[in-house]
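2 protein chains.
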Amino acid sequence: MEVQIAVAKINKYASLESGDTLEVIERPNGGLSVVLADGQTSGRGAKAVSMMVVRKVIGLLAEGVRDGAAARAASDALYTDKNAKVSCTLNIASVDLETNTIVLSRNNPSPIFICHDDQIDCMDAESSPLGVRRDIRPVITELELQPGLMIIVYTDGLTHAGKRRGQPMDVSNAIQAMMEDQDPTPQELADSLLVHAVNLDEGRPADDVSVVVLKVQTINGDTVRRMSLRLPLS
Amino acid sequence: MEVQIAVAKINKYASLESGDTLEVIERPNGGLSVVLADGQTSGRGAKAVSMMVVRKVIGLLAEGVRDGAAARAASDALYTDKNAKVSCTLNIASVDLETNTIVLSRNNPSPIFICHDDQIDCMDAESSPLGVRRDIRPVITELELQPGLMIIVYTDGLTHAGKRRGQPMDVSNAIQAMMEDQDPTPQELADSLLVHAVNLDEGRPADDVSVVVLKVQTINGDTVRRMSLRLPLS
Chain A
2 MEVQIAVAKI
12 NKYASLESGD
22 TLEVIERPNG
32 GLSVVLADGQ
42 TSGRGAKAVS
52 MMVVRKVIGL
62 LAEGVRDGAA
72 ARAASDALYT
82 DKNAKVSCTL
92 NIASVDLETN
102 TIVLSRNNPS
112 PIFICHDDQI
122 DCMDAESSPL
132 GVRRDIRPVI
142 TELELQPGLM
152 IIVYTDGLTH
162 AGKRRGQPMD
172 VSNAIQAMME
182 DQDPTPQELA
192 DSLLVHAVNL
202 DEGRPADDVS
212 VVVLKVQTIN
222 GDTVRRMSLR
232 LPLS
Chain B
2 MEVQIAVAKI
12 NKYASLESGD
22 TLEVIERPNG
32 GLSVVLADGQ
42 TSGRGAKAVS
52 MMVVRKVIGL
62 LAEGVRDGAA
72 ARAASDALYT
82 DKNAKVSCTL
92 NIASVDLETN
102 TIVLSRNNPS
112 PIFICHDDQI
122 DCMDAESSPL
132 GVRRDIRPVI
142 TELELQPGLM
152 IIVYTDGLTH
162 AGKRRGQPMD
172 VSNAIQAMME
182 DQDPTPQELA
192 DSLLVHAVNL
202 DEGRPADDVS
212 VVVLKVQTIN
222 GDTVRRMSLR
232 LPLS
């Protein structure tokens, strides 16, 4: 088997800094975790909040702390630091090679989509962002690592797209259309969802948007780990 | 402008864990840093050392600590923890948007290659790995961010390739051949160097090998940040 992960990320129009922060970190007992946070509002303040949350979470995961405990700790730290006045969404998607599972932790009203075979499930159980009160806990979904599994995680910029013009994006439909038409690579799917959102906002995204796609498939080729990334500079 | 970064990484033959650890982290004042460490020996012990060093460095960089100070701190921490008995190489390649430079910090006898226009420079000033004594300092090279710049960083697995058979890899020649023949993407160049090394070891790498290629070019397309990665599972 192999896991492929793709990310597409764009700033709110005319905003130099994204309120979204995403990091990928290797897990100490095997596998990796993608950590995505979206700080309340946008710009510099939001960036500081989402970076603080992601830094806290990856620091704990690197020490072997479980994902759920890391999310709770980040929430309590944010709550304490900001006096319950600032919220931040958090998604952790982990490939855990100790348990051979994918662990999805969600503190985000935006759902996660899980595709397997021809089925697309929308995981939209109620979920609160971090930092707004004591006792925040993530919604956790654990899935067996098996070929054909595809997971789509995003920040609320995707669902806000088009709202300004009264044509909000239907993420579920967009995913379904992509999956029916072709067998998209994770990068194609992430790019396509992002482009769809940007088009609905007429090329001027109303919010920061981040899309993460994780796919498990039978191994295809060598055993080389690869990563490539692109950072456009202003 | 845009920066593209590619990584190719393979384990020593028949080794479940790589002694090399690589993480990419966003810098708090803009840009990102690639942090690559190679722990002494191989397998589980080496992995623990390189993870400890990388974790220390990314934690400090995330707080805004300068690259050189982070490398010194990681060296002192390793020296103290392991009583000067364990060494670890460290390379940090940072795209620093505060200074609009690329900052390369090297605690590694293996050189770094810097290509610009048709020129290929081998940066091989003497450099000590972390942890072996007090007062370890990195060799630092700072370069203006400008299109056409390409940087190649790797762990010593690349230079060890072929030694077993008395045909050690000539990294400089391999880079030159790639650059003359074509205008390789960073991923093509990283893959090509890795494949060359694996072939010299007859498909059974004698050591963990990691290759990082960083390229600066004029912006080509949209302003979307992208990342894709592949994790082969055993």
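Residue numbers (the numbering used here), protein chains in the order written: chain A, 2 to 235; chain B, 2 to 235.
Even glycine gets a Cβ: it sits at the ideal position worked out from N, Cα and C.
Residue range 151-155 is occupied by the beta strand (DSSP E) that includes Tyr155 (chain B). In the DSSP secondary-structure assignment, Leu232 (chain A) is bridged to B:Val4. Within 10 angstroms of the beta-carbon of Lys86 (chain B) lie fewer than 16 other beta-carbons, which makes it exposed. Between Asn92 (chain A) and Leu37 (chain A), the C-beta spacing is below 7 Å. For the pair Val210 (chain A) and Ile59 (chain A), the CB atoms are not nearer than the 7 Å cut-off. By a beta-carbon distance limit of 8 Å, Met124 (chain A) does not contact Thr102 (chain A). Their separation comes to about 15 Å.
The three-state secondary structure of Glu143 (chain B), taken from DSSP, is strand. Counted as a single uninterrupted DSSP element, the stretch harbouring Val225 (chain A) is not any beta strand (DSSP E), since DSSP gives it neither H nor E. Under the three-state reduction of DSSP, Glu27 (chain A) is assigned to strand. Considering only beta carbons, the part of the region 2-36 of chain A lying closer than 9 Å to chain B consists of Met2, Glu3, Val4, Gln5, Ile6, Ala7, Val8, Ala9, Lys10, Ile11, Asn12, Leu17, Glu18, Ser19, Thr22, Leu23, Glu24, Val25, Ile26, Glu27, Pro29, Gly31, Gly32, Leu33, in chain order. For Arg45 (chain B), there are no neighbours in chain A by C-beta distance under 8 Å, as the nearest C-beta there is about 11 Å away. Between Ala94 (chain A) and Val35 (chain A), the C-beta spacing is below 7 Å. Below 8 Å, enough C-beta pairs join the region 2-19 of chain A and the region 223-234 of chain B to call them touching: three or more. Restricted to the region 171-226 of chain A, the alpha helix (DSSP H) segments that are unbroken, complete and at least 4 residues in length are 172-182, 187-201, listed in chain order.
Per the Cβ contact rule, the region 64-81 of chain B is in contact with the region 128-143 of chain B (3 or more Cβ pairs under 8 Å). Beta-bridge pairing by DSSP links Thr22 (chain A) to A:Ala38. At a cut-off of 7 Å between beta-carbon atoms, Pro233 (chain B) makes contact with chain A. Distance between Asp136 (chain B) and Asn108 (chain B), taken at the CA atoms: about 12 Å.
Residue burial annotation: Glu24 (chain A) is buried, with at least 16 other C-beta atoms found within 10 angstroms of its C-beta.
Residues of the same chain with a CB within less than 6 Å of the CB of Met179 (chain B), apart from the 5 flanking positions on each side, are Pro185, Leu190, Ser193 in chain order. Under the Cβ criterion (8 Å, minimum of three pairs), the region 144-164 of chain A does not count as touching the region 60-79 of chain A. Beta bridge pairing from DSSP links Asp97 (chain A) with A:Gly32, A:Thr102.
Distance from the CA atom of Ser51 (chain B) to the CA atom of Thr100 (chain A), rounded to whole angstroms, is 23 Å.
Between Met170 (chain B) and Leu201 (chain B), the C-beta spacing is below 7 Å. In terms of Cα proximity to Cys116 (chain A), the closest of A:Ala7, A:Val217, A:Lys164 is A:Val217. Closer than 7 Å to the CB of Thr219 (chain B) there is not a single CB belonging to chain A. For Asp125 (chain A), no alpha helix (DSSP H) run applies, since DSSP gives it neither H nor E. Around the beta carbon of Arg165 (chain A), fewer than 16 other beta carbons lie within 10 angstroms, which makes this residue exposed.
Assignment of Ile59 (chain A) by DSSP, reduced to helix, strand and coil, places it in the helix class. Note on Asp182 (chain B): under 16 other CB atoms within 10 angstroms of its CB, so exposed under the neighbour-count rule.
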